[in-house]
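To start, the structure under review is shown below, and the notes come after it.
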Ligand code: URA
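In our numbering, the protein residues as written are 3 to 237.
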C-alpha cells in the first residue's frame, strides 16, 4: 500500500481526474459520479472512485505544486492508474483570455525544479497525450464549449517576486501559468501513462492589478470543465 494514497490495487479506476484541491475532488465525486466510494483521506488528500455514464473513474486531489503532485501521481501509477487528467486553475497570460475561460494544455514549460530533476536537468518538453487533448477538443466542440488549446508554464512560485516574469512568458506565447502540469506530463512520459490538463482561468493581471474569479463563476466553470474531462478520460 502506498504511503500517501492509502489504497490497494484495484481501488482506483484506470481513468482518474486530478484536481489540486481536496474539496474539489469531493465536489466532483458527489456531483458527477455514481456509486462513489472514498478511497483516500491520508493528509486530507481526498480520493474517490465511482462511475460516470457507466464507466469506472476516480478523482484524486494532488495538493499544490509539482512536489506534492509528483508523490500522488507516482502512487496512482503504483495503484494501476493509466490515464490522468488534471482539472485545475491558472493565471491567464494572454490579453485575450478572460476570467472563467477554459484551456487545454498541449505542453508545459517546466519553471519548476521537480519536473527538471526527474530528467536530470536535461532539456525536455513535458507534453500532454495527444489522444486526451484530441478527445477534450472533440468533446468541447460537441458540447458547444469554447476552449483554447496551447502551451502553458508550470511555476514553483505562486507569489511571483519578479514583476516582469508574466510578460516574458506571455511574449513567448504561453497561455497560462499553473503549478502541476509539467511534472504530470513528465511522469506521463517516464511511467508510460496518458496525461492531460484542463484549466479554468481563475485570475488575470489587468493594468497591473490581480483580478480573481468570483465563487459563482468558479462553480460554473468547474462544472463545465469536469464534464468535459470526464468525457475525455472515459472515451
Ligand atoms: N493562478 C495563478 O496565477 N497561478 C497558479 O498557479 C494558479 C492559479
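Note that the Cβ used here is the ideal one computed from N, Cα and C, for glycine as well.
- As DSSP reads the structure, residue 89 sits in a beta bridge with 200.
- Less than 8 Å separates the beta-carbon of residue 87 from that of residue 19.
- Beyond the five residues adjoining it in sequence on each side, residue 185 comes within less than 6 Å, by CB distance, of 68, 71, 72, 116, 117 in the same chain, given in chain order.
- Between the C-alpha atoms of residue 32 and residue 142 there is a straight-line separation of about 23 Å.
- In the DSSP assignment, residue 173 falls within the unbroken alpha helix (DSSP H) covering 167-173.
- Take the alpha-carbon of residue 167 and the one of residue 37: they are about 45 Å apart.
- The chain-ordered list of residues whose CB is nearer than 7 Å to some heavy atom of ligand 1 reads 91, 92, 93, 157, 160, 179, 180, 181, 204, 205.
- With 16 or more neighbouring CB atoms inside 10 Å of its own CB, residue 120 falls in the buried class.
- Beta-bridge partners assigned by DSSP to residue 206: 94, 213.
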